[in-house]
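Taking it in order: structure first as structure tokens, then the write-up.
Chains as they are written, first to last, in this note's numbering: chain A, 1 to 418; chain B, 419 to 898.
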């Protein structure tokens with residue numbers, strides 16, 4: 001080998017190594033983005049799954065409760081008095097101390113007292129123990145996210161309040177534990193009371209509507225296109241059209257829903273029914289494409305055998321081909337429903353952004369869904385909501401991973417190679 | 419509610435008709451089932467279809483259009499007192515009349531004198547109309563169901579081709595379902611064009627497409643709409659293009675090199691682990707990327723640029739340093755980079771398919787000539803796969819243009835005509851969201867502008883998709 005050839009070869013091999021390295025770097029970059037994304041959200045979200053609750057004996061002073069009009073009494077101040085007593089502080093004339101104490105505890109405690117008195121008025125005059133979440137800022141302090149080292153003017157709680165919180169924790173009145181409320185409450189304006197259940201129920205209702213529309217229609221459309229349709233201009237148009245619909249930006253479906261469903265047909269704004277219909281139209285092309293490829297994978301011998309023993313074409317398709325293609329159809333369907341579950345933009349167009357405390361009541365009433373809840377909480381100014389946003393994302397991702405895993409298992413379990 | 423009960427009753431009726439006709443077919447066979455042309459179930463199904471489907475269609479059509487028809491019947495006669503009112507007040511009068519009739523809460527306007535009498539009269543009429551509508555539709559559907567049975571049932575006989583008839587119905591159903599996909603396109607085009615036409619009545623298309631100032635929040639009153647420049651969409655197009663460009667700068671090299679590595683270098687084991695991991699990235703909802711961009715990437719970019727700025731201040735590059743110190747969370751770069759991350763798996767999986775479709779013989783030929791792997795990729799595979807890869811990148815561009823949540827959460831609302839990636843820009847999709855999520859009147863030019871933007875977005879992405887899908891498909895056919 002000449003020297004020139006040797007250097008050229010060396011150069012070429014160096015280029016080869018470089019090129020391979022570019023590929024590796026690309027993969028590493030992509031995967032590190034994944035780790036960063038999931039890790040960051042997990043870090044922000046996991047703290048929401050624990051919370052701190054306060055157990056407080058409250059004396060239900062008969063002098064301060066109006067028996068004739070229970071809703072009219074100020075139970076929050078009862079709670080505040082009880083907490084002052086527990087802390088051994090006395091209120092001043094302008095109520096600043098009790099005001100500062102109130103900043104530490106959730107309004108939920110007051111509601112609990114009202115509900116218990118309503119259920120049993122005999123409690124008035126006695127001392128009962130109520131247990132409820134501490135205010136979100138206090139919770140953040142316990143979790144170490146609101147730091148004492150921050151300048152007092154820059155944090156929500158002052159030094160005195162932090163000292164109280166330390167004492168409550170030490171005395172055992174405040175205990176940390178699993179955040180049950182996050183999974184059993186609907187949305188709320190108070191971060192410590194805001195939960196995800198309303199959005200989970202709303203998402204489930206909406207996805208049910210989507211599945212009921214998109215799956216049968218998509219499968220039947222695919223059956224026609226794949227098994228019955230003649231090859232002509234019209235079917236070509238449908239074919240091109242379906243491929244393009246799958247690539248239309250989702251927000252355009254939102255505009256369609258707003259203009260057609262809401263303004264022309266008078267469908268209710270922000271309801272699971274309307275949202276489900278919009279998402280069904282969006283999921284339809286993917287269901288059709290998945291079903292068609294599953295039908296294509298069924299070998300012609302199955303069809304010929306069925307036709308050979310005298311089945312009609314319809315019978316062949318519905319009794320033999322479609323059942324054989326079912327695992328593939330289900331896999332594609334679940335994947336497109338998982339995609340619909342995470343969709344946000346079209347739902348904003350049809351007014352699903354309203355604040356909905358409590359659980360959704362009907363398919364035509366206003367409701368919230370998981371991804372929109374994420375969007376709403378992300379927009380909230382309070383820091384405690386950001387923590388909840390990340391937790392809501394974790395919940396959303398768990399549902400999506402469960403659906404994807406179901407699809408993978410279905411494929412592994414039932415897919416046949418012919 | 420009444421309608422759901424009616425549908426349930428109808429379903430029960432059809433089911434019993436099915437049982438009855440099936441039994442009739444069995445009786446006709448006289449114990450020799452082979453003497454029937456079709457199985458008894460087909461006889462049952464056929465009669466049940468005639469009993470149920472036309473009646474159900476009537477009820478469903480009424481559920482969708484009933485309120486609309488009643489409304490226009492109500493408005494057919496305008497009382498003199500109402501005709502004197504201005505147009506908006508008339509609208510309120512009519513909606514109040516139907517709201518009271520339905521037992522909902524009307525507006526807070528009090529009606530007195532002749533107009534109060536007119537309201538009472540119209541409310542009563544609305545009630546009467548809705549009862550008439552419901553009763554007549556229910557009666558009509560009942561008659562249809564009965565007629566269906568009475569006409570279909572006597573036709574059952576041994577030689578009756580019930581199976582072929584039922585299959586005819588099935589065929590109609592299948593065609594109807596596949597027409598829905600076409601109807602969706604018609605619906606999208608129709609609604610976008612219709613609402614955009616209304617928008618273009620107040621703002622000329624040239625001002626919209628070429629105007630350089632976007633400020634729809636100012637143009638609130640109808641007489642201000644004509645004020646030129648409020649609806650110039652060029653800054654939005656520029657913002658969209660800028661973010662798309664940044665996203666593609668991230669996604670194209672990373673996605674393409676991942677695909678090349680996975681298909682040409684990686685062993686089957688690596689491939690089997692890395693591909694699903696990348697697919698997780700593709701399955702993450704966009705709102706999650708938006709959250710990531712707004713709360714993690716944005717603040718860290720700002721911190722980084724502010725830090726760099728602090729280093730440069732009072733040095734030879736002082737003005738740049740001063741500028742970098744003022745960079746905000748919401749910048750084009752944040753949204754673009756995060757969108758790029760979102761597009762990586764999209765680009766890589768599409769290119770992977772395309773590279774895999776290049777026939778092995780081309781690779782073998784190249785290796786036989788002594789080329790290294792990278793030379794084969796660069797000189798043989800990529801040129802062969804180029805149209806397909808171009809198609810994949812165009813699909814990614816179309817996605818980047820239509821992506822909404824990331825830009826809504828991370829890019830900002832200010833419409834600026836700038837090419838600076840550190841500046842706040844806004845995009846077409848962000849503006850559609852902000853224009854339509856408030857509580858405005860639907861007919862104001864402000865909300866209609868969203869449909870103008872939507873039409874532009876749809877046209878551009880559709881053109882990109884058609885060309886790209888054409889590329890991808892043509893390329894695949896070449897080697898098939």
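All C-beta atoms, glycine included, are put in the ideal place defined by N, C-alpha and C.
Residue environment, residue i, which counts as buried when at least 16 other CB atoms sit within 10 Å
i: residue 557 of chain B; result: exposed
i: residue 464 of chain B; result: buried
i: residue 880 of chain B; result: buried
i: residue 44 of chain A; result: buried
i: residue 245 of chain A; result: buried
i: residue 379 of chain A; result: exposed
i: residue 356 of chain A; result: buried
i: residue 573 of chain B; result: exposed
i: residue 401 of chain A; result: exposed
Sequence-distant residues of the same chain with beta carbon closer than 7 Å to residue i, five excluded per side
i: residue 541 of chain B; result: 515, 518, 519
i: residue 185 of chain A; result: 193, 194, 195, 197
i: residue 421 of chain B; result: 477, 481
i: residue 885 of chain B; result: 812
i: residue 720 of chain B; result: 745, 746, 747
i: residue 253 of chain A; result: 278, 281, 282, 346
i: residue 848 of chain B; result: 825, 826, 829, 831
Euclidean distance between Cα positions of residue i and residue j
i: residue 76 of chain A; j: residue 197 of chain A; result: 26 Å
i: residue 104 of chain A; j: residue 194 of chain A; result: 16 Å
i: residue 670 of chain B; j: residue 762 of chain B; result: 7 Å
i: residue 387 of chain A; j: residue 726 of chain B; result: 29 Å
i: residue 146 of chain A; j: residue 365 of chain A; result: 39 Å
i: residue 324 of chain A; j: residue 212 of chain A; result: 21 Å
i: residue 917 of chain B; j: residue 240 of chain A; result: The question about residue 917 of chain B has no answer here: the residues shown for chain B are numbered 419 through 898.
i: residue 299 of chain A; j: residue 800 of chain B; result: 34 Å
i: residue 567 of chain B; j: residue 361 of chain A; result: 39 Å
i: residue 676 of chain B; j: residue 138 of chain A; result: 46 Å
i: residue 261 of chain A; j: residue 206 of chain A; result: 15 Å
i: residue 537 of chain B; j: residue 504 of chain B; result: 16 Å
i: residue 223 of chain A; j: residue 14 of chain A; result: 54 Å
i: residue 497 of chain B; j: residue 403 of chain A; result: 58 Å
i: residue 109 of chain A; j: residue 66 of chain A; result: 18 Å
i: residue 57 of chain A; j: residue 176 of chain A; result: 18 Å
Which listed residue (the options) has its alpha carbon closest to that of residue i
i: residue 750 of chain B; options: B:673, B:784, B:836, B:671; result: B:836
i: residue 97 of chain A; options: A:354, A:319, A:160; result: A:160
i: residue 199 of chain A; options: A:415, A:393, A:407; result: A:393
i: residue 551 of chain B; options: B:442, B:626, B:487; result: B:487
i: residue 281 of chain A; options: A:221, A:232, A:312; result: A:221
i: residue 416 of chain B; options: B:545, B:451, B:723; result: Nothing can be reported for residue 416 of chain B, as the shown portion of chain B is limited to 419 through 898.
i: residue 754 of chain B; options: B:659, B:696, B:587; result: B:659
i: residue 833 of chain B; options: B:504, B:851, B:631, B:548; result: B:631
i: residue 521 of chain B; options: B:528, B:527, B:513; result: B:513
i: residue 471 of chain B; options: B:882, B:440, B:563, B:427; result: B:563
i: residue 399 of chain A; options: A:374, A:370, A:389; result: A:370
i: residue 705 of chain B; options: A:372, A:383, A:368, A:292; result: A:372
i: residue 178 of chain A; options: A:50, A:302, A:210, A:235; result: A:50
i: residue 344 of chain A; options: A:310, A:250, A:311; result: A:250
i: residue 807 of chain B; options: B:770, B:790, B:862, B:576; result: B:770
i: residue 699 of chain B; options: A:12, A:29, A:114; result: A:29
i: residue 868 of chain B; options: A:256, A:377, A:247; result: A:256
i: residue 210 of chain A; options: A:225, A:180, A:72, A:285; result: A:285
Close beta carbons around residue i, own chain, < 8 Å, minus the five adjacent residues each side
i: residue 793 of chain B; result: 784
i: residue 714 of chain B; result: none
Beta-carbon contacts of residue i that lie in its chain and below 6 Å, excluding the five residues immediately before and after
i: residue 411 of chain A; result: 331
i: residue 235 of chain A; result: 229
Residues within the stretch 369-383 of chain A neighbouring chain B, beta-carbon criterion of under 7 Å: 371, 374, 375, 378
Could you run through the stretch 455-467 of chain B and flag, in chain order, every residue whose CB is less than 7 Å away from some CB of chain A? none
If contact means a Cβ-Cβ distance below 7 Å, which residues of the stretch 260-285 of chain A contact chain B? 260, 263, 265, 266, 281, 284, 285
Contact residues within the stretch 292-322 of chain A, judged by C-beta distance below 7 Å to chain B: 312, 314
Using a beta-carbon distance cut-off of less than 7 Å, what residues from the stretch 159-180 of chain A approach chain B? none
Using a Cβ-Cβ cut-off of less than 7 Å, list which residues of the stretch 221-242 of chain A approach chain B; keep chain order. 221, 223, 224, 225, 228, 238, 241, 242
Relative to chain A, which residues along the stretch 781-811 of chain B have a C-beta separation below 8 Å, given in chain order? 790, 791, 792, 793, 795, 796
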